[in-house]
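Numbering (this note's numbering), first residue to last: 3 to 273.
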Ligand code: BEZ
Ligand code: FE
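Pasting the structure below:
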């Protein structure tokens, strides 16, 4: 017997029975609920269901809460679009084969120890993101393999830099049972534009997180509830001809500075 399974199952059943009594759930409604869950399984949408019910974000929060030192960059969900084996790129790196469309973004900063502030030149900054239309390369035949994905290596001072394009927001549940549930709930299925990161360094806890594009119209209503104010980037727009020339770009561009703070494996945990 597994006592934790017993305790959690009993707690779920207790709450479920309470809902059935409170709402006088009918046999017909139970049948529809079972059909819905069957379809969720058939269409492999259980993770998506957990995401839109805000369960995934809450589990990530609870998982890290007891160990969080209060100083490191907050964790966030990985999402389903991570792909292993992204190219290793030395800073300053370029993430997109072709940035002729979309807004050009130069993103840079340092990877630091959350406890001492020392830079971590041996860190790896793994990045994955959608293009300006909201498509990841593995959802879009027009993009080359591993486009907008990379494992960026900082320089000797711990500074990373990559050139990319500003991603667009995207829809996550079109056409399936989870999408129908959102419609019935009067909710949309949009995720605000974001860039995913996984930062690793020996001696430090791995950090999976995502940073959000400032001003995105869906920031206040993310379908999976993952937005945290400290994870919204700050962009600076550059349009002076000498700046364009110095960066070798043909149109105005954005820069964003963001320092990632990693928690040492052996560290003081917030009280
Ligand atoms: C994502 O951020 O890539 C994502 C998260 C949850 C569901 C779908 C996509
Ligand atoms: Fe994403």
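Quick reminder that beta carbons are idealized off the backbone N, C-alpha and C, glycines included.
(message) Are the CB atoms of residue 74 and residue 265 within a distance shorter than 7 Å?
(response) As a working note, residue 265 is residue 263 in the chain shown. As a working note, residue 74 is residue 72 in the chain shown. Their beta carbons are under 7 Å apart, which means residue 265 touches residue 74 by this criterion.
(request) Please report the residue range of the beta strand (DSSP E) in which residue 155 lies. (result) Sequence index remark: in the chain shown, residue 155 carries index 153 (1-based). Residues 151 to 155.
(request) Give the single residue among 208, 215, 52 whose Cα lies nearest to the Cα of residue 181. (result) Position 179 of the chain shown holds residue 181. Residue 181 has its Cα closest to that of 52, out of 208, 215, 52.
(message) Please classify residue 3 as buried or exposed, where buried requires at least 16 neighbouring CB atoms within 10 angstroms.
(response) Numbered from its first residue, the chain shown carries residue 3 at position 1. By the Cβ neighbour-count rule, residue 3 is exposed, with fewer than 16 other Cβ atoms within 10 Å of its own.
(request) Look at the alpha carbon of residue 212 and the alpha carbon of residue 17, and state the distance between them as a whole number of angstroms. (result) As a first step, residue 212 is located in the chain shown; it is residue number 210 there, counting from the start. As a first step, residue 17 is located in the chain shown; it is residue number 15 there, counting from the start. Straight across, the Cα-Cα distance linking residue 212 with residue 17 is about 33 Å.
(message) Out of 12, 153, 208, which one is the CA nearest neighbour of residue 88?
(response) Against the chain shown, residue 88 aligns to sequence position 86. Checking every option, the nearest Cα to that of residue 88 belongs to 153.
(message) Any heavy atom of the ligand BEZ inside 6 Å of the beta-carbon of residue 136?
(response) Along the chain shown, one-based indexing puts residue 136 at 134. Between the ligand BEZ and residue 136, a heavy atom-to-CB distance of less than 6 Å is absent.
(request) Between the Cα of residue 165 and those of 240, 252, 93, spot the shortest distance and give me the residue it belongs to. (result) For the purposes of this step, residue 165 is taken as the residue at position 163 of the chain shown. It is 93.
(message) Using CA atoms only, rank isn't needed, just tell me which of 46, 185, 223, 155 is closest to residue 110.
(response) Counting from one through the chain shown, the residue named residue 110 turns up at place 108. Looking at 46, 185, 223, 155, the one whose alpha-carbon comes closest to that of residue 110 is 155.
(request) Return the bridge partner residues of residue 198 from the DSSP annotation. (result) By 1-based counting over the chain shown, the position of residue 198 is 196. Looking at the DSSP assignment, residue 198 forms a beta bridge with 130, 212.
(message) Per the DSSP calculation, residue 111 is bridged to which residue(s)?
(response) Residue numbering aside, residue 111 sits at position 109 when the chain shown is read from its first letter. 162, per the DSSP bridge assignment.
(message) If we define contact as Cβ-Cβ less than 7 Å, is residue 105 a contact residue for chain B?
(response) Among the chains in the structure shown there is no chain B, since it carries only a single protein chain.
(request) Specify, as a first and last residue, the run of the beta strand (DSSP E) that residue 91 falls within. (result) Here residue 91 is taken as the residue at index 89 of the chain shown, counted from 1. Counting along the chain, the beta strand (DSSP E) containing residue 91 begins and ends at 90 to 92.
(request) Collect the residues with a C-beta less than 6 Å away from any heavy atom of the ligand BEZ and give them in sequence order along the chain. (result) Any residue whose Cβ sits closer than 6 Å to a heavy atom of the ligand BEZ makes the list: 50, 53, 81, 82, 83, 174, 193, 226.
(request) Round the Cβ separation of residue 179 and residue 42 to the nearest angstrom and send it over; I've been treating them as touching at under 8 Å. (result) In the chain shown, residue 179 corresponds to position 177, counting from 1. In the chain shown, residue 42 corresponds to position 40, counting from 1. Contact between residue 179 and residue 42 holds: their C-beta atoms lie close to 5 Å from each other, under 8 Å.
(request) Please classify residue 77: does DSSP put it in a helix, a strand, or coil? (result) The sequence position of residue 77 within the chain shown is 75, counting from 1. The three-state reading of DSSP puts residue 77 in coil, since its state is none of H, G, I, E or B.
(message) Going by the DSSP bridge assignment, what does residue 173 pair with across the sheet?
(response) Residue mapping note: residue 173 aligns to position 171 of the chain shown, counting from 1. Note: residue 173 sits in a beta bridge opposite 192.
(request) Using alpha carbons as the reference points, say which of 218, 26, 20, 147 lies closest to residue 134. (result) Position 132 of the chain shown, counted from the first residue, corresponds to residue 134. Ranking the options by Cα distance to residue 134, first place goes to 218.
(request) Taking only the alpha-carbon atoms, compute the straight-line gap between residue 171 and residue 214 and give it to the nearest angstrom. (result) Here residue 171 is taken as the residue at index 169 of the chain shown, counted from 1. Here residue 214 is taken as the residue at index 212 of the chain shown, counted from 1. In a straight line, the C-alpha of residue 171 is about 10 Å away from that of residue 214.
(request) Name the two residues that bound the continuous alpha helix (DSSP H) containing residue 34. (result) For the purposes of this step, residue 34 is taken as residue 32 along the chain shown, with counting starting at 1. Annotation: the continuous alpha helix (DSSP H) that includes residue 34 extends over 29 to 44.
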